[in-house]
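Asker: Please see the structure below; I have some questions.
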Amino acid sequence: MRLSKKINKKRLMRLIRHKRIRKKIFGTEQKPRLNIFKGSKTLFAQVIDDISAKTLIGIATNSKDLKGQVKGANIEGAKKLGKIIAEKCKEKGIKELVFDRGGYKYHGVIKSFADSVRENGIKI
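Residue numbers for the sequence shown follow our numbering, so the first one is 9 and each next one is one higher.
Listed below in structure tokens is the structure:
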């Protein structure tokens, strides 16, 4: 993996973890991959079919569905994002997902996002 010298150690370790996780996790049409990315102000979530290399659903905390309801990439925003992504999965007939935490530790925002998706009827 080629990275610039300006990258800090924390981000580098996350990218290494993400690469290691992605070797083992992949999404299919029946069980797509749910990926999450944390920006400094926004959370991004995608449901991806890796076999056909297509994003089935993509949403962020600054999208039209959540505009004005969420401020920042916090736990409340993660819960609302999880609820909306679960609703969109149900509309498309997706009942199971493979969770790709993106190399982030499974606590805080990431954990609340995953729990919200589970609470709204999607099996991870």
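Even glycine gets a Cβ: it sits at the ideal position worked out from N, Cα and C.
Note that the structure is predicted; figures quoted are calculated from it, not measured.
(1) Name the two residues that bound the continuous alpha helix (DSSP H) containing Gly-66.
(2) Label Gln-54 either buried or exposed according to how many other C-beta atoms from any shown protein chain fall within 10 Å of its C-beta, with 16 as the threshold for buried.
(3) Report, in whole angstroms, the separation of the C-beta atoms of Lys-100 and Leu-51, which I expect to be a contact under 8 Å.
(4) Are the CB atoms of Leu-74 and Lys-87 nearer to each other than 7 Å?
(5) What residues match up with Gln-54 in a beta bridge as DSSP calls it?
(6) Closest to Ala-68 by C-alpha separation, out of Ile-130, Lys-96 and Asp-58, would be which residue?
(7) If you reduce the DSSP assignment to three classes, tell me which class Lys-96 lands in.
Answerer: The structure says:
(1) Taken as a continuous stretch (DSSP letters only), Gly-66 belongs to no alpha helix (DSSP H), being part of the beta strand (DSSP E) at 62 to 68.
(2) buried
(3) Between Leu-51 and Lys-100 the Cβ distance is about 20 Å, and since that is not below 8 Å, they are no contact.
(4) no
(5) Asn-43 and Gly-66
(6) Lys-96
(7) helix
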